[in-house]
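> Residue numbers (this note's numbering): 836 to 1102.
1) Tell me the residue span of the alpha helix (DSSP H) that contains residue 1021.
2) Can you tell me whether residue 850 is helix, strand or coil according to DSSP?
3) According to DSSP, which residues form a beta bridge with residue 867?
4) Decide if the region 1029-1048 is in contact with the region 986-1004; the criterion is three or more beta carbon pairs, one per stretch, under 8 Å apart.
5) If residue 1010 sits next to residue 940, beta carbons under 8 Å apart, how far is it from one beta carbon to the other, in whole angstroms?
6) For the alpha helix (DSSP H) containing residue 996, name the first residue and the last one.
7) Which first and last residues belong to the beta strand (DSSP E) in which residue 1070 is found?
8) Would you report the Cα separation of residue 915 and residue 841, rounded to the nearest angstrom?
9) I'd like to know whether the C-beta atoms of residue 959 and residue 987 end up nearer to each other than 9 Å.
10) What does a CB cutoff of less than 8 Å around residue 879 pick up in its chain, not counting 5 residues either side in sequence?
11) Within 10 angstroms of the Cβ of residue 1057, are there 16 or more other Cβ atoms? Answer buried if so, exposed if not.
12) Could you tell me how far apart the beta carbons of residue 937 and residue 1099 are, in whole angstroms, since I believe they sit closer than 8 Å?
13) Which runs of the beta strand (DSSP E) spanning at least 3 residues fall entirely within the region 941-1011, listed in chain order?
14) Which residues in the same chain have their Cβ closer than 8 Å to the Cβ of residue 1016, if we skip the five residues on either side of it in sequence?
15) Taking the alpha-carbon of residue 925 as reference, which of 854, 1070, 1021, 1046 has the nearest alpha-carbon?
16) By how many angstroms is the C-alpha of residue 1094 removed from the C-alpha of residue 1038?
17) Please list the terminal residues of the continuous alpha helix (DSSP H) segment that includes residue 902.
18) What residues in its chain sit with their C-beta under 6 Å from that of residue 982, if we drop five residues either side in the sequence?
19) So residue 928 packs on residue 912, CB below 8 Å; how close in whole Å?
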């Protein structure tokens, strides 16, 4: 189905895809790489997002439904040698499927359209694995959108895309938004803005989360800066009942998002 095998790592097609591992080229070409069966599967569910698919012969045998769906949608499928796949993959053990996709983020106004009730905002988050996991948690908790501020990691970073496990394609994502502008628009739409921080005066047990809420999550090492904490309506910490010193960003975000989701669903 995929035709002759690509074996030359210096071929124009391979080089054009490989350059998308760099942020500057992703922004210039307006494309990114989605690696692994789950990410590719979810990308293919959206119209006009997947531009081409690279697959090894082994991956074609393991996931024939993905290759078939790509062909059905008119997406060019290229069978690649192991050496070529290693060039395109950003993992130690490539899974044999890499898709070239259009960027999928939307303007802030679109991400907050309608009547959003749960929004996750990443401010100064630098670790792509954490950022992708927060996207996955927001998706699972039923959030309406995820907003990356202008000081946060690129959600199209390969590690971030993989950590989201397809959630990047499920909910509206905004990138590069200034914190002040985001907070103003959140309030205009009736959301209460809560900052998650270990120094918060209140815990999740103390606050009413039943109304529309936007959570701000900060940097993994040093949390949220004072000026950003001042922007929030309240600063909330996750209670620690045991002896752990703290929770990592992604875990704390999941707890906060699920606490809001549950409170909003209780009759």
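Cβ atoms here follow ideal geometry from the backbone N, Cα and C, with glycine treated the same way.
This is what the structure holds:
1) If you number the chain shown from 1, residue 1021 lands on position 186. From DSSP, the alpha helix (DSSP H) with residue 1021 extends over 1014-1023.
2) Stepping through the chain shown from its first residue, residue 850 is reached at position 15. Looking at residue 850 - three-state DSSP - the assignment turns out to be helix.
3) One-based indexing of the chain shown puts residue 867 at position 32. Note: residue 867 sits in a beta bridge opposite 936.
4) no
5) The residue given as residue 1010 occupies position 175 in the chain shown. The residue given as residue 940 occupies position 105 in the chain shown. About 5 Å separates the two Cβ atoms, so the contact holds.
6) On the chain shown, position 161 is the one that residue 996 refers to. Its alpha helix (DSSP H) spans residues 993-999.
7) If you number the chain shown from 1, residue 1070 lands on position 235. Where residue 1070 is concerned, the enclosing beta strand (DSSP E) stretches over 1069-1072.
8) Here residue 915 refers to the residue found at position 80 when the chain shown is read from its first residue. Here residue 841 refers to the residue found at position 6 when the chain shown is read from its first residue. Those two C-alpha atoms are separated by around 5 Å.
9) As a first step, residue 959 is located in the chain shown; it is residue number 124 there, counting from the start. As a first step, residue 987 is located in the chain shown; it is residue number 152 there, counting from the start. Contact flag set, yes.
10) Taking the first residue of the chain shown as 1, we reach residue 879 at position 44. The answer, listed in chain order, is 885, 901, 904, 905, 908, 910, 934.
11) As a first step, residue 1057 is located in the chain shown; it is residue number 222 there, counting from the start. Exposed, since its Cβ has fewer than 16 Cβ neighbours within 10 Å.
12) The residue you call residue 937 lines up with position 102 of the chain shown. The residue you call residue 1099 lines up with position 264 of the chain shown. Between residue 1099 and residue 937 the Cβ distance is about 33 Å, and since that is not below 8 Å, they are no contact.
13) 953-957, 980-984
14) Here residue 1016 refers to the residue found at position 181 of the chain shown. Excluding positions up to five away in sequence, the list reads 943.
15) For the purposes of this step, residue 925 is identified with residue 90 of the chain shown, where counting begins at 1. Minimum Cα distance to residue 925 is reached at 854.
16) Within the chain shown, residue 1038 is the residue found at index 203, counting from 1. Within the chain shown, residue 1094 is the residue found at index 259, counting from 1. Cα-Cα distance, rounded: 11 Å.
17) Taking the first residue of the chain shown as position 1, residue 902 is located at position 67. Element bounds for residue 902: 899-907.
18) Numbered from its first residue, the chain shown carries residue 982 at position 147. These residues qualify, in order along the chain: 956, 1009, 1012, 1017.
19) Indexing the chain shown from 1 puts residue 928 at position 93. Indexing the chain shown from 1 puts residue 912 at position 77. The pair is not a contact, with the Cβ atoms about 22 Å apart (cut-off 8 Å).
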